[in-house]
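Novice: In our numbering, the protein residues as written are 41 to 488. Where a beta carbon is used, it is the ideal one built from N, C-alpha and C, also for glycine.
#1: Residue 64 bridges to which residues according to DSSP?
#2: Just to confirm my understanding: we take residue 90, look at its own chain, exclude 5 residues before and 5 after, and list those with CB closer than 7 Å. What are they?
#3: Let me make sure I understand the geometry here. Which of 212, 401, 164, 93 has the alpha-carbon closest to that of residue 193?
#4: What does the alpha-carbon distance come out to for the pair residue 54 and residue 112?
#5: If we call anything under 8 Å between Cβ atoms a contact, is residue 139 one with residue 185?
#6: Below 8 Å on the Cβ atoms is my guess for residue 347 versus residue 110; work out the distance and round it to an integer in Å.
#7: Pick out whichever of 177, 146, 211, 209 has its Cα sitting closest to the Cα of residue 191.
#8: Applying the 10 Å Cβ sphere with the 16-neighbour rule, what's the burial state of residue 457?
#9: Compare the C-alpha of residue 63 against each of 99, 375, 401, 486 and name the closest.
#10: Just grab the DSSP bridge partners of residue 181 for me.
#11: Report yes if the CB atom of residue 479 is closer than 8 Å to the CB atom of residue 437, and no otherwise.
#12: Return the first residue and the last residue of the alpha helix (DSSP H) that residue 339 is part of.
#13: How many angstroms separate the CA atom of residue 343 from the CA atom of residue 49?
#14: In chain order, what residues of the same chain have a beta carbon less than 8 Å from the beta carbon of residue 45, not counting five sequence neighbours either side?
#15: Are residue 171 and residue 141 touching if we call contact CB-CB under 8 Å?
#16: Using the C-alpha atoms, what's the distance from residue 168 back to residue 222?
#17: Taking residue 147 as part of the alpha helix (DSSP H), name the residues at either end of that continuous run.
#18: Excluding the five sequence neighbours on either side, which residues of its own chain have a C-beta within less than 8 Å of the C-beta of residue 394, listed in chain order?
#19: Closer than 7 Å: is that where the CB of residue 57 sits relative to any heavy atom of the ligand GTP?
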């Protein structure tokens, strides 16, 4: 991440400096005219402020969904989900024990992403990273499971891109949900690519050598025994004992496959009834989690507040990471480097089905969610293009099929203080490229 951050900033600075050296004011008396370097400076300040505002905006949704997740965890839901989907998850994440809380948190994150609930998915994903960090033998360095999880997260199969459908409807689209099949196809291809890339790259990116074992003296052993008294008391808690007993054995294999088949059956249902289901999802999740906690005997209010406190702390802790990556991206855009890249590549991609109007969207999406969203909105609201043209359908498919990769990596790794990301970025960007290619291919087939 150090190299990526430095390269983005240096490219932005060099580009802005080149433009500054060639800059001639159109109207020297116009106080509103901004030179390239002055524009770069403004972008730095605005991006830093925007990063803090984004983190503050996350606090509410983080506290809400981490509170709900705490209720689900206290009621044993994560254990049940982990046991149901164990056959698949144990093959994808062999380094994570099947009954570990990380399994349930990852499943909830993937489920929220599949339903297009990006805000709801983030707290679950951060909780998964916190649990994966507990299994990390090298704090500060991403494990293979972390890299694979984030690669899947940034390319997650999307059954219901609710936000994009809403924007298409607001733009006057005759068929707002027309992108459901194209988004599903592109994200499925991207997820397969993410898994393959992460598994391939992990062979080339070896973790550091295992730490030397520490020899414990008798005095150290006595101190350790005294310090973990609280842990032993927690282990004797009846609720935790019950959860451990429930997770000791998995469900029969046929139950797991029946559950996975039921999940797959949601794909055609989401395509047929996605627009009608979308408004019910978030309220339904809240009611479901709380009722589940009541049925399982959880003191839902106290447990919810306990989990919400964690959400507030996490949201504050990620601010420095957001400032770093969003300032770099803001500089990259303001310097003109993004515009220059589009000019070089646009003529080639036009022949492959990716119009020059849509290219900035494809390039900016991994870097800036708000920037890509703005480009998409301007395209589909342009009377000359519109939401139901090929270009309009393509950019909305791209919005629903790709993720803000750098933002996700900054937030999730920042939450657990990971500095060495190893092959995570390479695997995630591979999935992004495949998502763009698949989106172009399916849109050419369906809409042109």
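Specialist: With the structure as the only source:
#1: Per DSSP, none; premise fails for residue 64.
#2: Answer for residue 90: 366, listed in chain order.
#3: Among 212, 401, 164, 93, the Cα nearest to that of residue 193 is on 164.
#4: So the alpha carbons of these two residues sit roughly 50 Å apart.
#5: For residue 139 and residue 185, no; Cβs fall outside 8 Å.
#6: Indeed they touch by this definition, with Cβ atoms about 3 Å apart.
#7: It is 146 whose Cα lies nearest to the Cα of residue 191.
#8: Around the CB of residue 457, fewer than 16 other CB atoms lie within 10 Å, so the residue is classed as exposed.
#9: Ranked by how close their Cα comes to the Cα of residue 63, the residues 99, 375, 401, 486 have 375 in first place.
#10: Under DSSP, residue 181 forms a beta bridge with 460.
#11: By the CB criterion at 8 Å, residue 479 and residue 437 fall inside the cutoff.
#12: Where residue 339 is concerned, there is no enclosing alpha helix (DSSP H), given that its DSSP letter is neither H nor E.
#13: So the two alpha carbons sit approximately 43 Å from each other.
#14: Residues 364, 365, 368 of the same chain have their beta carbon placed closer than 8 Å to that of residue 45, with the five preceding and five following residues left out of the count.
#15: Using a Cβ distance threshold of 8 Å, residue 171 and residue 141 count as a contacting pair.
#16: Roughly 29 Å separates the two Cα atoms.
#17: That run of the alpha helix (DSSP H) goes 141 to 154.
#18: Excluding residues within five positions, the ones whose Cβ falls inside 8 Å are 402, 434, 476, 480.
#19: Annotation note on the ligand GTP: not contained in the displayed structure, which lists no ligands.
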